[in-house]
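> Have a look at this one before I ask anything.
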Amino acid sequence: MTKTFRRKLDLKSGRVDMSHGAGGRAMAELISSIFKDAFGNELLEQGNDQASFPTPAGGRMVMTTDGYVVSPIFFPGGDIGSLAVHGTVNDLAMAGAKPLYLSASYIIEEGFPLGDLKRIADSMGAAARAAGVMIITGDTKVVERGKADGVFISTAGVGVVPDGLALSGDRARPGDKLIVSGSMGDHGVAIMSSRENLTFETEILSDSAALNGLVETIVSAAGPHLRLMRDPTRGGLAATLNELAHQSDVGFRIVEDQIPIKRQVAAACELLGLDPLNVANEGKLVAVVAAEAAEMLVAAMRTHPLGVDAAIIGEAVEDDQHFVQMTTGFGGGRIVDWLAGEQLPRIC
Amino acid sequence: MKYVDEYRDGDRARDIAAAIAAEVRPDRSYALMEFCGGHTHAISRYGIEDLLPKNVRMIHGPGCPVCVLPIGRIDDAIRLAKRPEVTLCTYADLMRVPASGGLSLMKAKAAGSDIRMVYSSLDAIRIAEANPDRQVVFFAIGFETTTPPTAVALKTAEAKGLMNFSIFCNHVLTPVAMRAILDMPPTPDEPPIAIEGFVGPSHVSTIIGMEPYQVFARDYRKPVVIAGFEPLDVMYAILMLVRQVNEQRADVENQYIRAVRTEGNPVAIELCDEVFELRESFEWRGLGAVPKSALKLRDAFAFYDAEKRFTIETQPAEDNPACECGAILRGQKKPADCRLFGTVCTPETPTGACMVSSEGACAAHWTYGRFRTRQSDAGLRRTA
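Written out as structure tokens, the structure is:
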């Protein structure tokens, strides 16, 4: 496996900066150098967004946890409450699991409006019911004004995996096809459109949605041909494909013209100097499937409301450098890389 | 997208590529510099390199304001931001630029300094209005494109009577830097500079027009084509340059007729003349001290000049001696020729100017094109 030179984290005087939470390589380094070091075990080492483990009573369970610190709290197409349910349900579903139970931990800043809190909790409850999961335990903390940004929510979730299903980020093989369930970048652009100092008019709504129903369709259609699934959240499709390439020890070749991107999303990214492939999604997934099942799987996905724009965007290839290469609309080639730190608008 | 898709049409790109291939002469090479990082970005992002004949070589110039800002000026900004009364407002892509002592604005922010990312100079004005008890400093940077907005911010602050707003001015000039590249004497260990034409930045020319580039055509016999930033614009400009080279012409031509006027934008030019004057000399990363290559506030606006309000005296800071940015910016070496490239120097850990912003030559090659020069564990495996 190729190594590139990495400067070690400066544990003596270094500090966490925003790039460590942006879903790019800096965050991967932080997790690897601090958390994996401290917690190290074989389940964590698999590097998935959830862990799958056998239960003493037989069968396999899946567990995940996530924190939600989105700003603004209410955004076009959703809010932090429904997002917290969707994100956690999706992390479970990506292992092919049936999500069952969630926890909800609220950290609330002193002065936060009770009406907003009620609205968030109601939205969270509605999202859980719609996804067929129950929020069965929780925790509430209030911190002094200035020590949080309104409200933060942490969730954990558990689910069960059907017998015989073993999906993991290390299972992509050269020749496998890469499928996305729909258009890229909707959530990130919806969030940015309502950020302070950056307000612009767009009809784009967040794609925040629970994907467990679509996953059932995929698992049932693809059966043993299905290698893995992952939801391309922070860091967008680019980060997800780079993660998977490293986990599976392959490269990917994708075709720019095949990747569904809404015109409004492309326009907003153009305006801000961002790449839609780096922009977050909250209701989309990437599936890697054996080539012979790809067309059939796309057809099946398109029968589900959350998969109508599903498309084959490329394939896994042998590549010890784990490059994600893209054929541009021009017919040229380029890499689709991880973000270096946060995606930042350019000056000019 | 109207007015965008038309300039990203793959079929048109292949047509222009075929026209370039038909016109280049197989017995010679064409070394063309795209001065501006925006063009570098477009070339890399759309894989234009793959569509060009092998003997058309694009050289990535120093036209990225983030890349060429010397370490000492970032140090100044960090010192400013550390002052308890100061809120420093900066364009976002300056945040990660490495300063002395392993610092950056992002790290200074993490350590407690009040540093805000802004999307326009007027955002800084709004922050100053909303925080009358803070000294708000706008970290102004950029070529001729971003200079007028800084002047507008100053005039707005003046009109509003804002007492807590000032500008840390780092605006630099395109034609002067192009001239500095051409005037640079060869060194024993670097090949001579062989630039046969320039792709000129259209956004700069929307302000300054065409005239400032005549010197390159007239005195240096180098053709210049002012080009837009869409990939088809760049390709068409390359075709125009190839034709000029073949015809042994050296003219300043305008590919970007949809926005650039010969005279530029007289209102913006006048405003900038009112607010700014030339610095005697300014340090550029990769180019060294270049006389009359940057702007400062005129004395009449000294009140808004952060360098005077906070008595800033820039201390020189050395770049890594192994860094080849200078030769890369001058077109004498390619990113992968630098032994720091992809080892010590990556976008996460930039050492030199060209890796600092996504528009730099090395960052663009790393982010979009490094599959052309693959790496091995031991370091770079150079491929032709």
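So the sequences go chain by chain: A and B. In terms of the numbering used here, the first sequence has 316 at position 316, counting the first letter as 1, and numbering is strictly consecutive. If you want the numbering used here, it's the 1-based position in the second sequence plus 1000. Here a beta-carbon is modelled for each residue, glycine too, at the ideal position from N, C-alpha and C.
1. Once you ignore the five residues that flank residue 1185 of chain B on each side, which residues in its own chain have a CB closer than 8 angstroms to its CB?
2. Quick one: Cα of residue 178 of chain A to Cα of residue 1209 of chain B, how far?
3. List the residues of chain A that residue 1051 of chain B touches, going by C-beta distances under 7 angstroms, in chain order.
4. Mind reading off the beta-carbon distance from residue 1331 of chain B to residue 1033 of chain B? Whole number of angstroms is fine, and I expect it under 8 angstroms.
5. According to DSSP, is residue 1181 of chain B part of a helix, a strand, or is it coil?
6. Taking three-plus beta-carbon pairs below 8 angstroms as touching, is the segment 209 to 226 of chain A in contact with the segment 88 to 100 of chain A?
7. Ignore the nearest five residues each way along the sequence and tell me which others in residue 21 of chain A's own chain have a CB closer than 7 angstroms to its CB.
8. Starting from the N-terminal side, write out each stretch of the beta strand (DSSP E) that is 3 residues or longer and does not extend beyond the segment 107 to 163 of chain A.
9. Sorted by chain position, which residues of the same chain lie with C-beta nearer than 6 angstroms to residue 1165 of chain B's C-beta, five sequence neighbours on each side aside?
10. So, does the CB of residue 16 of chain A fall closer than 9 angstroms to a CB anywhere in chain B?
11. From the DSSP secondary-structure annotation, give me the bridge partner or partners of residue 1197 of chain B.
12. Tell me the rounded alpha-carbon separation between residue 1144 of chain B and residue 1069 of chain B.
13. Return the residue from the list B/1022, B/1104, B/1256 and B/1195 that minimises the CA-CA distance to residue 1387 of chain B.
14. Is there at least one non-hydrogen atom of the ligand GTP closer than 8 angstroms to the beta-carbon of residue 1154 of chain B?
15. If the cut is a Cβ gap below 8 angstroms, which residues of chain A does residue 1110 of chain B touch?
16. Does residue 1276 of chain B come out as helix, strand or coil in the three-state DSSP assignment?
17. Is any beta-carbon of chain B found at less than 9 angstroms from that of residue 116 of chain A?
18. Excluding the five sequence neighbours on either side, which residues of its own chain have a C-beta within less than 8 angstroms of the C-beta of residue 36 of chain A, listed in chain order?
19. Can you tell me where the beta strand (DSSP E) with residue 326 of chain A in it begins and where it stops?
20. Report the CB separation of residue 1048 of chain B from residue 330 of chain A in whole angstroms; it is logged as a contact under 8 angstroms.
21. Quick one: Cα of residue 1131 of chain B to Cα of residue 267 of chain A, how far?
22. Name, going along the chain, the residues of the segment 221 to 243 of chain A whose beta-carbon falls closer than 7 angstroms to a beta-carbon of chain B.
23. Less than 9 angstroms between the beta carbons of residue 281 of chain A and residue 337 of chain A, yes or no?
24. Consult DSSP for residue 311 of chain A and reduce its assignment to one of helix, strand or coil.
25. With a threshold of 8 angstroms on Cβ separation, who are the neighbours of residue 68 of chain A within its own chain once the five nearest residues in sequence on each side are excluded?
26. Indicate the three-state DSSP secondary structure (helix, strand or coil) for residue 1380 of chain B in the structure shown.
27. Does residue 1058 of chain B have its Cβ less than 9 angstroms from a Cβ in chain A?
28. What are the start and end residues of the alpha helix (DSSP H) that includes residue 1236 of chain B?
29. Can you give the Cα-Cα distance for residue 78 of chain A and residue 206 of chain A, rounded to whole angstroms?
30. Please state the DSSP three-state secondary structure of residue 1023 of chain B.
31. Count the other CB atoms, across all protein chains shown, that sit within 10 Å of the CB of residue 229 of chain A; report buried if there are 16 or more and exposed otherwise.
32. According to the Cβ coordinates, are residue 339 of chain A and residue 285 of chain A closer than 9 angstroms?
33. If you draw a straight line from the alpha carbon of residue 1305 of chain B to that of residue 1180 of chain B, how long is it in whole angstroms?
34. Taking only three categories from DSSP, how would you classify residue 1117 of chain B?
35. Suppose the cutoff is 7 angstroms on Cβ atoms and the five residues either side in sequence are ignored; what does the same chain contact list for residue 1378 of chain B look like?
36. Taking only the alpha-carbon atoms, compute the straight-line gap between residue 124 of chain A and residue 116 of chain A and give it to the nearest angstrom.
Let me spell this out:
1. none
2. 48 angstroms
3. Neighbours of residue 1051 of chain B across chain A, judged by C-beta separation under 7 angstroms: 330, 331 and 332.
4. 6 angstroms
5. helix
6. yes
7. 27
8. The qualifying runs are 134 to 143 and 151 to 161.
9. 1128, 1136 and 1157
10. yes
11. Partner residues in the beta bridge of residue 1197 of chain B, as assigned by DSSP, are B/1032.
12. If you draw a straight line from the Cα of residue 1144 of chain B to the Cα of residue 1069 of chain B, it comes to about 15 angstroms.
13. Given a span of 1001 to 1384 for chain B in the structure shown, any question on residue 1387 of chain B remains unanswerable.
14. The ligand GTP is not part of this structure, which contains no ligands at all.
15. Per Cβ cutoff of 8 angstroms: 15, 16, 17 and 18.
16. strand
17. no
18. Within its own chain, the residues whose Cβ lies closer than 8 angstroms to the Cβ of residue 36 of chain A, once the five positions on either side in sequence are excluded, are 44 and 45, listed in chain order.
19. 324 to 327
20. 7 angstroms
21. Approximately 33 angstroms, taken between the alpha carbons.
22. none
23. no
24. strand
25. Excluding residues within five positions, the ones whose Cβ falls inside 8 angstroms are 80, 83, 84, 87, 152, 153, 154 and 155.
26. Per-residue confidence for residue 1380 of chain B stands at a pLDDT of 38, beneath the threshold of 50, marking its modelled position as unreliable; no derived number is given.
27. For residue 1058 of chain B, the answer is no, since every Cβ of chain A falls outside 9 angstroms of its Cβ.
28. 1231 to 1246
29. 7 angstroms
30. helix
31. Buried, since its Cβ has 16 or more Cβ neighbours within 10 Å.
32. In this structure, residue 339 of chain A sits away from residue 285 of chain A, with a CB-CB distance that is not shorter than 9 angstroms.
33. 27 angstroms
34. strand
35. Its pLDDT being 31, under 50, residue 1378 of chain B is placed unreliably by the model, and nothing is read from it.
36. So the alpha carbons of these two residues sit roughly 12 angstroms apart.
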